[in-house]
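Just so you know, the protein sequences line up as chains A and B, in that order. Just so you know, we're using the numbering used here here: the first sequence kicks off at 34 and counts up by one. Just so you know, we're using the numbering used here here: the second sequence kicks off at 34 and counts up by one. Here a beta-carbon is modelled for each residue, glycine too, at the ideal position from N, C-alpha and C.
2 protein chains.
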Amino acid sequence: MIGMTQQVRRAPLTRDRVLRAAVTLADATGIDALSMRKLAQTLGVVPMALYKHVANKEELLDGMLDVLVGEIDPPAAAGDWRTAVRQRILSARQVLLHHPWASRVIESRTVPTPVVLAYMDSMIGMFRTGGLSVDLTHHVMHAMGSRILGFSQELFGAPPSAPPPDAEIARQMAGRYPYITEITTRVAHDEASVVGSGCDDQFEFEFSLDLLLDGIEGLRLRGWTPR
Amino acid sequence: MIGMTQQVRRAPLTRDRVLRAAVTLADATGIDALSMRKLAQTLGVVPMALYKHVANKEELLDGMLDVLVGEIDPPAAAGDWRTAVRQRILSARQVLLHHPWASRVIESRTVPTPVVLAYMDSMIGMFRTGGLSVDLTHHVMHAMGSRILGFSQELFGAPPSAPPPDAEIARQMAGRYPYITEITTRVAHDEASVVGSGCDDQFEFEFSLDLLLDGIEGLRLRGWTPR
DNA sequence: ACCTGAACACCGTTCAAGT
DNA sequence: ACCTGAACACCGTTCAAGT
Chain A
34 MIGMTQQVRR
44 APLTRDRVLR
54 AAVTLADATG
64 IDALSMRKLA
74 QTLGVVPMAL
84 YKHVANKEEL
94 LDGMLDVLVG
104 EIDPPAAAGD
114 WRTAVRQRIL
124 SARQVLLHHP
134 WASRVIESRT
144 VPTPVVLAYM
154 DSMIGMFRTG
164 GLSVDLTHHV
174 MHAMGSRILG
184 FSQELFGAPP
194 SAPPPDAEIA
204 RQMAGRYPYI
214 TEITTRVAHD
224 EASVVGSGCD
234 DQFEFEFSLD
244 LLLDGIEGLR
254 LRGWTPR
Chain B
34 MIGMTQQVRR
44 APLTRDRVLR
54 AAVTLADATG
64 IDALSMRKLA
74 QTLGVVPMAL
84 YKHVANKEEL
94 LDGMLDVLVG
104 EIDPPAAAGD
114 WRTAVRQRIL
124 SARQVLLHHP
134 WASRVIESRT
144 VPTPVVLAYM
154 DSMIGMFRTG
164 GLSVDLTHHV
174 MHAMGSRILG
184 FSQELFGAPP
194 SAPPPDAEIA
204 RQMAGRYPYI
214 TEITTRVAHD
224 EASVVGSGCD
234 DQFEFEFSLD
244 LLLDGIEGLR
254 LRGWTPR
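As structure tokens, then:
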């Protein structure tokens with residue numbers, strides 16, 4: 034027993050354990066509350082011990098995204114490109130919905146990791162084997178942008194989640210923002226019994242995705258070429 | 034002269050002066066280097082003096098975005114909806130290009146300010162007066178998402194800006210990411226004399242924007258209705 | 001050689017003391 | 001009543017001292 038410390042009991046710290054703990058902590062407390070110090074604490078370790086497995090916090094964030102990309106379903110083996118791409122992006126979206134902090138972290142990355150590059154490569158492959166030219170695939174990848182990772186690219190997370198305004202404030206809103214009011218009252222009426230919050234996020238995501246995929250398929254059918 | 038301090042010389046601190054100084058500082062040093070303390074320093078003021086004009090840093094960031102939205106051109110008076118929307122979004126994009134930190138700040142906002150609401154309202158108005166139904170306009174606003182503010186929604190800022198890899202690394206890349214390589218070599222060949230860095234960002238942005246606008250105009254012409 | 005406590009150079013914001 | 005210095009509770013990371 035002599036010389037045996039509490040540490041011996043713990044599973045040895047690995048890069049993978051660090052990254053997974055960071056994902057769990059961000060899920061639980063949000064990305065703003067994720068610090069190297071708090072992460073070390075949840076692992077029962079001194080802060081500096083983390084720096085053996087990640088060079089710095091940037092590399093930690095990169096690694097956390099790699100974990101999430103690993104959760105996205107692999108591409109379906111058979112079927113047309115449109116269905117396969119659609120399926121995979123909807124899978125990516127599910128991952129992002131389970132980790133709401135991910136979109137802001139992705140936004141802050143400057144260089145893709147090998148894991149993200151591999152994901153992008155396989156996504157490009159789905160367009161290419163589907164019959165899109167190299168040039169068209171190139172522009173399509175730009176057009177899809179972060180949607181390829183399941184981003185909804187909404188302007189605000191959930192603006193209509195605010196408590197229902199009283200009549201006086203509603204009247205002011207209608208005067209100042211007539212067009213917004215026109216839409217929100219329509220939505221409130223349509224879905225009063227369905228959803229309390231407002232829009233159907235899944236419908237909106239699929240509407241946007243299909244708008245792009247339909248446009249792309251149209252270009253492919255018309256044999257789009259540069260210039 | 035007695036009792037006259039250095040402060041008397043300075044223009045009095047206003048909310049507007051605080052916000053504009055913050056924008057200038059973020060432009061010059063990046064958003065990560067923007068702190069309440071450094072901002073106060075550039076204004077020749079003690080940090081706590083800022084809190085008379087903004088409640089906290091969140092409100093400062095909101096206000097900075099309001100300044101940028103104010104730089105976007107107002108909608109063109111005449112013309113079809115497609116041209117007017119296109120023009121205005123390209124104007125918003127120019128603003129974002131001049132303030133590269135803006136996209137990450139927008140991403141971090143949770144509630145739109147009155148200034149942003151007014152911008153969204155006028156954008157919705159452009160679709161409505163162009164002949165889109167309330168329902169279609171609603172979904173279209175979701176589909177446009179942050180692109181309405183000039184976002185490119187690219188996955189990474191400038192991935193091909195890396196120094197040209199040597200032959201050995203290039204061979205490894207080609208083996209690991211064959212589809213990415215297929216595109217990047219094509220781009221490098223096409224634009225070798227035009228652009229050193231890689232893609233033509235303006236072209237890619239307009240390609241994506243037109244893909245969406247064409248799709249939307251198609252739905253309008255076909256008289257799209259829900260369900 | 002490895003590990004780690006203390007220290008450094010920062011943060012945003014509170015609050016009590018000064019005018 | 002207004003203003004502000006010091007303090008509080010944090011950061012990410014460096015580095016020298018300990019084993």
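Spanning the alpha carbons of residue 131/A and residue 57/A requires a straight line of approximately 11 Å. The C-alpha of residue 137/B is placed about 18 Å away from the C-alpha of residue 105/B.
Taking 9 Å as the cut-off, the beta carbon of residue 155/A is found no closer than this to the beta carbon of residue 94/A. Beta-carbon to beta-carbon, residue 117/B and residue 174/B are separated by about 15 Å, too far to satisfy the 8 Å threshold. 209, 210, 211, 212, 213, 215, 216 and 219: these are the residues of the segment 204-219 of chain A whose beta carbon lies less than 8 Å from some beta carbon of chain B, given in chain order.
DSSP places residue 186/B outside both helix and strand once states are collapsed to three, so it counts as coil. In this structure, the straight-line span from the alpha carbon of residue 200/A to that of residue 208/A is close to 12 Å. Among the CB atoms of chain B, none fall inside 9 Å of the CB of residue 68/A.
Contact of residue 150/B with chain A by beta-carbon distance below 8 Å involves 209, 210 and 213. The three-state reading of DSSP puts residue 243/B in helix, counting H, G and I together. In terms of CA proximity to residue 78/A, 51/A leads the group 97/A, 103/A and 51/A. The contact set of residue 99/A on chain B, defined by CB atoms closer than 7 Å, is empty, because the minimum CB distance reaches about 14 Å.
Two segments are said to touch when three or more pairs of C-beta atoms, one from each, lie closer than 8 Å; by this definition the segment 68-87 of chain B does not touch the segment 108-126 of chain B.
Annotated as distal: residue 246/A and residue 121/A, with beta-carbon spacing of 9 Å or more. Excluding residues up to 5 positions away in sequence, 54 and 58 lie with their Cβ nearer than 7 Å to the Cβ of residue 75/B in the same chain. In the structure shown, residue 172/B falls within a helical segment according to DSSP collapsed to helix, strand and coil. The Cβ of residue 175/A sits closer than 9 Å to at least one Cβ of chain B. Contact annotation for residue 157/B against chain A: 212, 213 and 216 [CB-CB distance below 7 Å, chain order]. Within chain B, no C-beta atom comes nearer than 9 Å to that of residue 235/A; the closest sits roughly 11 Å away. Linking residue 217/A to residue 258/B through their CA atoms gives a straight-line distance of about 17 Å. In this structure, residue 114/A and residue 170/A do not form a Cβ contact; the two beta carbons are roughly 10 Å apart against a cut-off of 8 Å. With distances taken between CA atoms, residue 238/A lies nearest to 176/B out of 176/B, 232/B and 237/B. Counting along the chain, residue 126/B sits inside the alpha helix (DSSP H) bounded by residues 114-131. Of the residues 151/A, 204/A and 233/A, the one whose Cα lies closest to the Cα of residue 103/A is 151/A. Note on residue 91/B: under 16 other CB atoms within 10 angstroms of its CB, so exposed under the neighbour-count rule. For the options 235/B, 62/B, 243/B and 205/B, the alpha carbon positioned closest to that of residue 147/A is the one of 205/B. The residue from 180/B, 166/B and 135/B with its alpha-carbon nearest to that of residue 153/B is 180/B. Using a 10 angstroms sphere on the CB of residue 235/A, the tally of other CB atoms stays under 16, which defines it as exposed.
Residue 178/A is positioned such that its CB atom lies closer than 9 Å to that of residue 187/B. A residue is called buried when at least 16 other Cβ atoms come within 10 angstroms of its Cβ; residue 242/B meets this threshold and is buried. Annotated as distal: residue 112/A and residue 253/A, with beta-carbon spacing of 9 Å or more.
Residue 135/B is a Cβ neighbour of residue 101/B, given a cutoff of 9 Å. An exposed status is given to residue 202/B, since fewer than 16 other beta-carbon atoms sit within 10 Å of its beta-carbon. Following the DSSP letters along the chain, one finds residue 93/A inside the alpha helix (DSSP H) bounded by residues 90-102. Interface flag for residue 124/A against chain B is unset, since no Cβ pair is found closer than 9 Å.
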